[in-house]
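In the working numbering, the protein residues as written are 245 to 349. Just so you know, even glycine gets a beta-carbon here, dropped at the ideal spot from N, CA and C. Worksheet: one structure, shown below.
Shown next, in the form of structure tokens:
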């Protein structure tokens, strides 16, 4: 049996609409509660990768942390159209340091 995983993005409408042109499912949200529900639904619906804008992620840290402990879905933080908060980059640095034992970035 072949299991097909999907890719989705959660964030404000202006920041994520371009992902639709790439064939990625978009979930525009305004509130933290909408974001939590969207991410939980995507996890149940077999999304392997969920991109979340940093501005949304900072308001739902407990949800993001819960999925960081899981193999699937991978939650990847991205900047929105206003710029980066450097949260996503810091997570990448932390994960590399955890895997390698030293910060090589």
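How is the alpha helix (DSSP H) around residue 297 delimited, first residue to last?
The residue labelled residue 297 in the question sits at position 53 within the chain shown. That residue, residue 297, is in no alpha helix (DSSP H); its beta strand (DSSP E) goes 291-297.
Spatial neighbours of residue 290 within its chain, please: CB distance less than 6 Å, with the 5 preceding and 5 following residues excluded, ordered by chain position.
Looking up residue 290 in the chain shown gives position 46. Result list for residue 290: 249, in chain order.
State yes or no: is the C-beta of residue 259 within less than 8 Å of the C-beta of residue 303?
As a first step, residue 259 must be located in the chain shown, where it is residue number 15. As a first step, residue 303 must be located in the chain shown, where it is residue number 59. No, Cβ-Cβ distance for residue 259 and residue 303 is not below 8 Å.
DSSP state of residue 288 mapped onto helix, strand, coil
As a first step, residue 288 is located in the chain shown; it is residue number 44 there, counting from the start. Looking at residue 288 - three-state DSSP - the assignment turns out to be helix.
Own chain partners of residue 264 with C-beta closer than 6 Å, once the 5 adjacent residues on each side are dropped:
Position 20 of the chain shown, counting from 1, holds the residue named residue 264. So the qualifying residues of the chain are 270.
Opening and closing residue of the beta strand (DSSP E) in which residue 271 lies:
Residue numbering aside, residue 271 sits at position 27 when the chain shown is read from its first letter. 269-272 is the span of the beta strand (DSSP E), which, as asked, contains residue 271.
So if DSSP puts residue 321 in a beta bridge, which residue, or which two residues, is it bridged to?
Numbered from its first residue, the chain shown carries residue 321 at position 77. Paired residue(s): 296.
Should residue 280 be labelled buried (16 or more other beta-carbon atoms within 10 Å of its own) or exposed?
In the chain shown, counting from the first residue as 1, residue 280 sits at position 36. Buried, by the Cβ-count rule.
Residue 319 versus residue 256: straight-line alpha-carbon distance, rounded
Residue mapping note: residue 319 aligns to position 75 of the chain shown, counting from 1. Residue mapping note: residue 256 aligns to position 12 of the chain shown, counting from 1. Approximately 16 Å between the Cα atoms of the pair.
Cutting at 7 Å between CB atoms, please list the residues of its own chain near residue 276, excluding the five before and the five after it.
For this step, residue 276 is matched to residue 32 along the chain shown. 303 and 304, listed in sequence order.
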